[in-house]
Structure formats: C-alpha cells, structure tokens
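Before any comments, here is the structure.
2 protein chains.
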Amino acid sequence: MRVVIVGGGFGGLQAAHSLRDAAVEITLVDARNFHLFQPLAYQVATGALDPAEIAAPLRSIFRRQRNVHVLLAEVTEFDLARREVHVTPEAGVASHPELAYDALVVAAGSRYSYFGHDDWRAFAPELKSIEGAIDIRSRIFSAFEAAELETDAAKRRAALTFVVVGAGPTGVEMAGQIAELAHDTLREDFRNVDTRQARVLLVELADRVLTSFAPSLSAKGERALRDLGVTPLLRHTVVDVTGEQVVIEDDAGRREVVPTRTVIWAAGVTASPLAGELARAAGLDTDHAGRVTVEADLTLPGHPEVFAIGDMAQVRDLPLPGLAPVAMQQGRYVARVVRARADGDAAPGPFRYVDKGNLATIGRSKAVAEVKGLRLSGVVAWWTWLVVHLFYLIGFHNRLVVLVRWTFSFFTHGRSARLITRVEPRD
Amino acid sequence: MRVVIVGGGFGGLQAAHSLRDAAVEITLVDARNFHLFQPLAYQVATGALDPAEIAAPLRSIFRRQRNVHVLLAEVTEFDLARREVHVTPEAGVASHPELAYDALVVAAGSRYSYFGHDDWRAFAPELKSIEGAIDIRSRIFSAFEAAELETDAAKRRAALTFVVVGAGPTGVEMAGQIAELAHDTLREDFRNVDTRQARVLLVELADRVLTSFAPSLSAKGERALRDLGVTPLLRHTVVDVTGEQVVIEDDAGRREVVPTRTVIWAAGVTASPLAGELARAAGLDTDHAGRVTVEADLTLPGHPEVFAIGDMAQVRDLPLPGLAPVAMQQGRYVARVVRARADGDAAPGPFRYVDKGNLATIGRSKAVAEVKGLRLSGVVAWWTWLVVHLFYLIGFHNRLVVLVRWTFSFFTHGRSARLITRVEPRD
Chain H
1 MRVVIVGGGF GGLQAAHSLR DAAVEITLVD ARNFHLFQPL AYQVATGALD
51 PAEIAAPLRS IFRRQRNVHV LLAEVTEFDL ARREVHVTPE AGVASHPELA
101 YDALVVAAGS RYSYFGHDDW RAFAPELKSI EGAIDIRSRI FSAFEAAELE
151 TDAAKRRAAL TFVVVGAGPT GVEMAGQIAE LAHDTLREDF RNVDTRQARV
201 LLVELADRVL TSFAPSLSAK GERALRDLGV TPLLRHTVVD VTGEQVVIED
251 DAGRREVVPT RTVIWAAGVT ASPLAGELAR AAGLDTDHAG RVTVEADLTL
301 PGHPEVFAIG DMAQVRDLPL PGLAPVAMQQ GRYVARVVRA RADGDAAPGP
351 FRYVDKGNLA TIGRSKAVAE VKGLRLSGVV AWWTWLVVHL FYLIGFHNRL
401 VVLVRWTFSF FTHGRSARLI TRVEPRD
Chain Y
428 MRVVIVGGGF GGLQAAHSLR DAAVEITLVD ARNFHLFQPL AYQVATGALD
478 PAEIAAPLRS IFRRQRNVHV LLAEVTEFDL ARREVHVTPE AGVASHPELA
528 YDALVVAAGS RYSYFGHDDW RAFAPELKSI EGAIDIRSRI FSAFEAAELE
578 TDAAKRRAAL TFVVVGAGPT GVEMAGQIAE LAHDTLREDF RNVDTRQARV
628 LLVELADRVL TSFAPSLSAK GERALRDLGV TPLLRHTVVD VTGEQVVIED
678 DAGRREVVPT RTVIWAAGVT ASPLAGELAR AAGLDTDHAG RVTVEADLTL
728 PGHPEVFAIG DMAQVRDLPL PGLAPVAMQQ GRYVARVVRA RADGDAAPGP
778 FRYVDKGNLA TIGRSKAVAE VKGLRLSGVV AWWTWLVVHL FYLIGFHNRL
828 VVLVRWTFSF FTHGRSARLI TRVEPRD
C-alpha cells in the first residue's frame with residue numbers, strides 16, 4: 001500500500017512514525033529538508049537559540065525507518081480522480097514526478113493571514129518559518145543598534161519601539177522576550193542608549209491576552225507581561241503597516257500612528273494554500289480560516305482515501321485548537337486507520353482529542369498552564385513548560401544543546417545567538 | 428587618548444582586550460555585530476555546527492570592558508591628515524559620524540581573490556563570512572537532494588561532484604568533511620542514490636597539499652584525504668567557473684571540463700579592500716596580495732599613530748603566515764605600544780612573532796600539526812586540534828555547546844545542523 005504524506009510538521013511526522021511497522025511504502029513530501037519545532041521559533045527570533053537547535057533533518061529522523069522515502073519537493077496539484085500528487089522538486093531538478101497513492105495524508109499546516117494585506121508581510125515578518133525567525137532576529141538587534149547611533153530623539157524612540165500583533169501564545173512569548181532583552185539582557189551592552197526605554201506594544205483585537213486560556217490565567221499573563229515592561233493594547237487592531245510605522249485603531253475607531261521599524265506578526269492564522277488546493281480538487285469549500293472540513297475519521301467527504309490533519313483541517317462538529325498536540329494525535333489516528341486498512345482490520349472509531357493541556361511562557365520564571373483542569377502560573381507553570389518543550393524537541397542531541405543554552409541563559413541572563421545576518425525571506 | 432580599532436576579528440579583539448586597563452577610550456568599528464571564529468566556519472558549511480556556535484556578539488564580549496564602544500558601521504574613508512575615520516553606520520541610520528583618533532588600529536582581515544574573476548564568486552562561495560558558510564551548507568545538502576531525485580545519469584553524477592579550490596587548511600578541511608558526509612554521515616539517509624559515489628576534487632596549484640606545513644606532513648595529509656575519498660588534483664588550477672561546471676587546467680595546459688553544481692572557493696587570499704584604502708590615504712602601494720606594508724613596530728610608514736595588523740598587513744622584512752595567532756600577537760603588541768604612549772613610557776622593541784604551531788584537521792581522528800618543531804599526525808594531532816580550537820572559541824557557553832555537538836557527532840557519526848535555508852550573500 002502506497003501512502004503519501006504531505007508535510008513534515010507535527011502531524012505528518014507522527015503519521016509516518018506511527019506507520020513504522022506497517023506494510024506500507026511511505027513518501028513524505030516537504031519543501032524543506034527539516035522538521036521545525038515551531039513552538040520555539042520565537043527563541044531563535046530573540047537570540048536565545050540557534051536555528052539548527054530547533055530543527056531536525058527529516059532524513060536523519062527517518063534514517064532507520066526504511067519504509068519512508070523523504071522527497072524534497074513542493075506540491076503543485078492533487079489529482080484525486082487518478083489518485084496522484086503532482087510535485088516540483090526543490091534543488092533545481094527538472095523532472096516533475098507524479099506520486100501515486102492508495103492513501104494520502106495532507107498535513108501542510110498554517111500561516112498568518114495579515115488580515116488580507118499580504119503587502120504587510122515584507123514589513124512585519126511572521127514566525128512560521130526559520131527564515132522568518134532569522135529575519136526577525138536581525139531586525140530586533142538592528143533596531144537596538146540603530147537606537148545606539150541615532151542622534152535624532154524621535155528616530156531613536158522609533159527604533160526602540162517594538163510592535164507585536166496578536167496576543168496568542170506566540171505573540172505573548174515574543175513580546176515578553178523582547179521586553180526581557182531590553183530591560184535585562186542588553187541593558188549593559190550599549191553605551192549611548194538606555195535600552196530600558198524600549199516600548200513593547202502588544203496589539204490584540206480581543207479584550208484579553210491568551211484567549212485560549214481561562215480568563216483568570218489571561219489576567220495573570222497580562223500582569224506578568226506588564227511586569228516585564230510590555231504594554232498590552234487590548235481591543236485594538238492594526239490598520240496599516242509600513243517600514244516606518246504602524247497605524248493602530250481601537251474599538252471606538254480612534255487611530256494612532258506609532259513610528260517603529262520593528263513589527264512582528266502573530267495574528268490571524270490561516271490554513272496553508274494547500275488546504276484550498278485540496279478542497280478545490282474535491283469540489284469543496286474552505287472555511288473562514290482557509291481550512292478544509294473533514295469527517296469524524298479525518299477523511300475528505302467523498303474521498304475515504306484522503307486525510308487532512310492539523311492546522312489546515314477542521315473536523316466536522318468538533319472544534320479543536322490549533323496546537324501541536326492536536327496535529328500529533330491526528331497523525332497517530334490516521335496511521336491507525338491506514339494500518340487497519342492495510343491489514344484488512346475493522347476501522348477504528350472516530351477521532352477523539354485528548355486534551356493534555358495548554359502552555360504559554362511569558363518570560364523568566366513566568367508562564368501559564370492549564371493541565372487537566374488545573375490552572376498553573378508562575379514558576380511551576382514555567383518549569384512544566386520547560387520540561388514539556390525539551391521532551392518534545394526532536395533529537396537527544398538538540399535537547400542537550402538547548403538544555404545547556406537555557407541553563408546558561410538562566411544564570412547569566414545572556415543570549416548568545418544574537419547574529420544580525422541577511423536572509424532572503426521564503427514563502 | 429582616543430583609540431579607534433577597525434575590525435572585530437582576532438587582531439582587533441586582542442588589541443581592544445589588551446587595552447582593558449589602559450587610560451584610553453576605544454571605539455571598535457565593525458560592519459558585523461559579532462566576532463566570527465573563522466577557523467570553524469567549514470563546520471557550519473558542512474552541517475556540524477550552527478552559526479551562532481562559532482560567533483559571539485561583540486557587545487557581549489565587551490559588556491564589562493567599559494572603555495570600549497562598539498560601533499556597527501562600515502568604514503568608508505581614512506583621513507590620516509585630520510586623524511579621522513569616516514563611517515557609514517549599519518542599521519539604516521542616516522548620520523555619518525567621523526571618528527577622531529589619537530591611535531588607529533586597522534585589522535580588517537582578508538578575503539579570497541578569485542584569481543581576479545570576481546564573477547566566479549556567485550557560483551563558488553567562500554568561507555570567510557557566516558553567510559558564505561550558510562550558503563555553502565545549503566548548496567552541499569541541496570546537491571545530495573538533487574542526486575536523490577535526478578533520473579538522468581550525467582546530471583546525477585554532476586550533482587555528486589564537489590570541487591574545492593585551494594588545498595590550504597580551509598580547503599583540506601572542507602574536502603575532508605564533504606567526503607565524510609558522502610561516505611559516512613549521509614550514507615543511510617537516501618533511498619535512491621548511493622552517496623558514496625560522490626567525487627570530491629581538491630584543486631591545488633602547488634605540488635602538494637598544505638604547503639604551509641613540512642612536506643612529510645603534506646604527504647600524510649594527502650594520504651588521509653585519499654583514504655577519506657578525496658581526489659587531490661595537484662599542479663592544477665581553475666580557469667572557469669559557471670553554475671554548471673568548472674574548467675580545470677593542469678600544468679601542461681591540458682583542460683578538463685568537470686560538470687558540477689557545487690564549487691567551494693578557498694584559494695588566493697587577498698587583503699580586505701580597506702588595506703588599499705589605507706595605503707592610498709598614506710600615499711603607499713599595496714603588495715601582490717593587496718596588503719599594506721608596515722614597519723617593524725606595525726605602524727604605517729610616516730604615520731606612527733596608525734597601525735595595520737593581521738592578514739591585511741605585511742611587516743617589512745618579516746614574512747609571516749596568514750594565521751589567527753599572528754593577528755592575535757600583533758593585536759597584543761599594538762596594545763602595548765599604545766599603552767606605553769598613553770603612559771609616557773618607552774616604546775617596546777619591534778614586533779616578534781612567537782610560532783606556537785600550525786594545525787589542520789582532515790577528518791575524524793585525522794589531522795596534522797607542527798608544534799615547536801614537533802611534527803604530529805593522526806589521532807594525537809586531531810586531539811590537539813580539538814583542544815586548541817575549543818580553548819580559543821569565545822564564550823564558555825559556545826565551548827560547552829560545541830563540545831556537546833562534537834561528542835555526539837563523534838559517537839553517532841551524525842550532523843544535526845543540516846538546514847537548507849536561503850540566504851542573501853553578503854560582501
């Protein structure tokens with residue numbers, strides 16, 4: 001049985017891994033040659049970790065799993081009638097192979113929508129790719145360098161203004177880390193500028209931060225952010241972004257122009273364009289977030305051989321958060337279904353999500369967590385966050401290196417991966 | 428006393444550091460915000476280490492040394508008559524400060540000359556910058572990916588052909604590491620292609636590799652390279668480079684066209700353009716390698732207040748190798764001279780180079796070393812190389828992380844930093 005898995009994120013990786021003993025031939029297609037541990041991308045963006053520490057080469061992950069073929073290629077088309085996936089290989093290879101499948105698992109993830117203003121992307125990079133994280137890192141540290149050199153007070157103030165759009169876990173983590181950089185890590189590194197004068201604005205449309213958590217934890221998160229020096233702007237939205245300013249609007253329609261050179265985007269999650277591609281191929285519509293809707297067994301309506309999982313899919317009548325554990329559990333579930341079919345066994349019941357909890361870190365020793373109804377905050381939540389993230393990081397190697405880095409950062413308040421490099425943005 | 432140091436490499440860093448207790452105000456100017464430990468750049472290029480592990484932010488190096496101001500800027504002009512350095516700040520700051528000095532230390536290093544064909548640079552990146560190393564890394568791993576996908580035998584062969592130009596320590600290290608990748612690390616990672624069929628050609632104009640070492644060590648180095656699967660092409664040179672091939676010529680003028688998509692340049696060292704700038708400002712000529720010639724006390728003829736050190740300078744009547752220890756000793760010497768002047772003490776005698784040895788690694792447990800007349804090879808030389816490089820790496824933090832990575836790589840034969848990313852080349 002030929003299984004094609006599109007996407008080497010949390011969902012695709014779990015699906016492939018869970019089929020390790022199955023009598024199937026797996027082709028794992030991804031445009032990148034590595035799995036990215038996205039929950040830690042903000043640490044790359046703020047100079048705490050280096051890119052390779054949160055990425056693992058797909059080929060080395062599956063080196064010993066001989067039924068997996070990794071294919072570095074971009075998916076261009078799903079031909080559901082002929083059961084083929086069309087791809088364009090990366091690395092400048094001229095051939096355009098068609099991948100025939102008996103089961104197709106599409107797990108292409110999500111990106112940010114920019115509220116329909118794709119032109120903002122150039123000024124406000126997102127944290128979904130490693131290049132985005134490196135780009136943000138260069139912008140943040142360049143901004144402090146500019147502040148050090150600027151003689152004009154207004155320009156210096158603009159250089160020291162950081163705007164993070166979206167107060168979900170990623171936005172909160174970014175805002176908290178930038179504030180820590182300004183108030184702690186970089187404080188003694190500059191001679192002319194007082195980095196503690198930096199303003200970190202966290203713009204959020206809702207009336208609280210971390211809306212996926214209980215209101216009491218949102219309140220604690222907000223307090224922790226304020227303690228760090230972040231200014232949450234709740235019930236605000238961004239209506240324009242350029243290289244020199246953002247325009248922010250409150251819920252009464254009042255606008256404010258904020259001069260800044262550093263805007264980080266973490267709002268308005270939308271499914272990968274492949275969700276739309278897949279929906280079109282099946283004659284279906286996508287939802288408001290660009291997602292394809294799947295049945296209770298995660299298959300495409302009318303196509304029991306096609307699965308869509310993770311951030312790009314919505315399960316009919318089962319609202320789920322856009323979290324790594326959801327994608328991972330769906331990946332394992334799909335593997336069980338595929339294996340049952342390969343073995344001629346009865347199909348398992350519908351997919352069920354086991355909520356193992358929700359975590360967000362804000363800064364040094366500050367985090368919030370909901371685990372099995374338990375609401376944690378402060379140091380306990382922070383340690384939980386640390387252990388969980390280290391545990392899920394792929395590769396013992398990376399885990400150890402990250403542990404060393406975190407231990408040092410904790411005691412020295414330092415960040416050693418503060419390189420300003422030039423990258424060509426991807427996507 | 429105002430001291431301006433241009434360049435945060437080995438020489439500039441030592442000069443600034445050695446002036447830590449002196450009654451001077453130091454401005455350290457560099458276009459990059461980090462010190463790069465160049466001797467390990469080839470490990471980034473081959474996926475063994477991550478960029479930040481061999482780079483340390485200049486600001487954190489000098490955080491506690493309050494007499495150092497780090498300035499992120501490009502030097503545009505030396506005005507020796509007015510004793511000013513003109514700079515253009517990085518980070519898009521509009522001002523163009525002039526830095527007045529009482530002592531100027533220029534330590535801008537070197538790059539590769541491409542034998543006068545600067546257009547080859549786009550096809551054959553060099554290892555002198557972090558972006559170059561990341562670019563090479565992407566090219567090498569993309570080439571293996573292309574080989575995996577190519578159905579055309581000739582194209583597959585071209586994808587598996589790697590050409591390294593120049594058999595000095597950097598070229599030898601690169602060639603050895605690529606061969607190790609092909610024959611060991613990546614062997615089990617691909618399903619279609621046998622990576623052991625890779626050809627690694629090491630092109631060298633001289634009649635032996637590692638010409639800075641004794642001939643007996645060159646012979647041992649060459650044998651080690653051959654054992655790893657590298658083909659040294661001695662008495663050969665490159666006469667053309669495109670994105671699809673290189674043309675190699677032997678000493679009898681016979682040419683061979685080698686189809687390849689991966690060429691790495693490590694030949695023909697030439698001084699930084701700032702050497703020419705400085706020479707022009709003083710009305711002097713540069714030598715064949717673009718270097719400015721300095722007196723026995725490392726000052727510019729006619730300008731006792733201007734020093735030039737490291738790869739960009741040649742000391743009159745004192746031929747020195749282009750090695751980090753030379754630049755470091757010169758940095759320390761210049762600091763002594765400057766301090767003597769600041770304190771009104773007698774000037775120290777002329778600069779003398781203390782040869783502490785010469786090291787080059789070729790692969791796992793394979794290296795050559797010359798230390799105080801002692802010639803070492805094999806495992807002993809390799810351990811020496813390891814300890815010396817770990818010791819000189821800046822930041823205890825980086826040392827520990829690199830130690831963890833090396834230990835793992837040694838036992839697992841793995842390389843975890845194999846990211847194919849897109850970078851915009853710098854320089």
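Protein sequences, first through last, are from chains H and Y.
First residue of the first sequence: 1, per this note's numbering; consecutive thereafter.
First residue of the second sequence: 428, per this note's numbering; consecutive thereafter.
From the three backbone atoms N, C-alpha and C, an ideal C-beta is built for every residue, glycine too.
It should be emphasised that the depicted structure is a prediction, and the values quoted were computed from it without experimental measurement.
Could you check whether the Cβ of residue i sits closer than 9 angstroms to any Cβ belonging to chain Y?
i               : result
F190 of chain H : yes
E74 of chain H  : no
D50 of chain H  : yes
I134 of chain H : yes
I248 of chain H : no
R2 of chain H   : no
E77 of chain H  : no
L149 of chain H : yes
For the alpha helix (DSSP H) that contains residue i, what are its first and last residues?
i               : result
L652 of chain Y : 642-655
D770 of chain Y : 751-770
R584 of chain Y : 580-586
S445 of chain Y : 437-445
So, is the C-beta of residue i closer than 9 angstroms to a C-beta in chain H?
i               : result
A468 of chain Y : no
G841 of chain Y : yes
H496 of chain Y : yes
D847 of chain Y : Here residue 847 of chain Y is Ile; the residue named in the question, Asp, does not match the sequence. I847 of chain Y counts as touching chain H.
F568 of chain Y : yes
R491 of chain Y : yes
G519 of chain Y : yes
P552 of chain Y : no
E511 of chain Y : no
R688 of chain Y : yes
R486 of chain Y : yes
Is the separation between the beta-carbon of residue i and that of residue j shorter than 9 angstroms?
i               : j               : result
F571 of chain Y : L629 of chain Y : no
G459 of chain Y : L499 of chain Y : Checking the sequence, you will find Arg at residue 459 of chain Y rather than Gly. Yes, these two residues count as a Cβ contact at 9 angstroms.
D611 of chain Y : H840 of chain Y : yes
P39 of chain H  : P169 of chain H : yes
H444 of chain Y : G758 of chain Y : yes
M1 of chain H   : R399 of chain H : no
L205 of chain H : R226 of chain H : no
A585 of chain Y : R688 of chain Y : yes
I488 of chain Y : V456 of chain Y : no
G268 of chain H : F115 of chain H : yes
A15 of chain H  : V338 of chain H : yes
L531 of chain Y : V514 of chain Y : no
R137 of chain H : V44 of chain H  : yes
L127 of chain H : A147 of chain H : no
Using three-state DSSP, classify residue i as helix, strand or coil.
i               : result
P301 of chain H : coil
N398 of chain H : helix
D667 of chain Y : strand
H413 of chain H : coil
Y780 of chain Y : coil
K128 of chain H : coil
P852 of chain Y : Legend: pLDDT at P852 of chain Y = 44, less than 50; position of this residue unreliable, value from coordinates given subsequently. Three-state DSSP puts P852 of chain Y in coil, outside helix and strand.
L428 of chain H : With chain H covering 1 to 427 only, the question about residue 428 of chain H has no answer from this structure.
R420 of chain Y : Chain Y is shown only over 428 to 854; residue 420 of chain Y falls outside these bounds and no answer can be derived.
D30 of chain H  : strand
D545 of chain Y : helix
D634 of chain Y : coil
I847 of chain Y : coil
Could you give the residue range of the beta strand (DSSP E) that holds residue i?
i               : result
R2 of chain H   : 2-6
V690 of chain Y : 689-692
E84 of chain H  : 84-89
Please name the residues in the stretch 585-606 of chain Y whose beta-carbon is closer than 7 angstroms to at least one beta-carbon of chain H, in chain order.
None of the residues of the stretch 585-606 of chain Y has a beta carbon lying less than 7 angstroms from any beta carbon of chain H.
Note down, in chain order, all residues in the stretch 456-467 of chain Y with a beta-carbon under 8 angstroms from any beta-carbon belonging to chain H.
Those residues of the stretch 456-467 of chain Y placed with their C-beta closer than 8 angstroms to a C-beta in chain H are R459, N460, F461, ordered along the chain.
Going along the stretch 375-405 of chain H in order, which residues come within less than 7 angstroms of chain Y, judged by CB to CB distance?
Residues G395, H397, N398, L400, V401, V404, R405.
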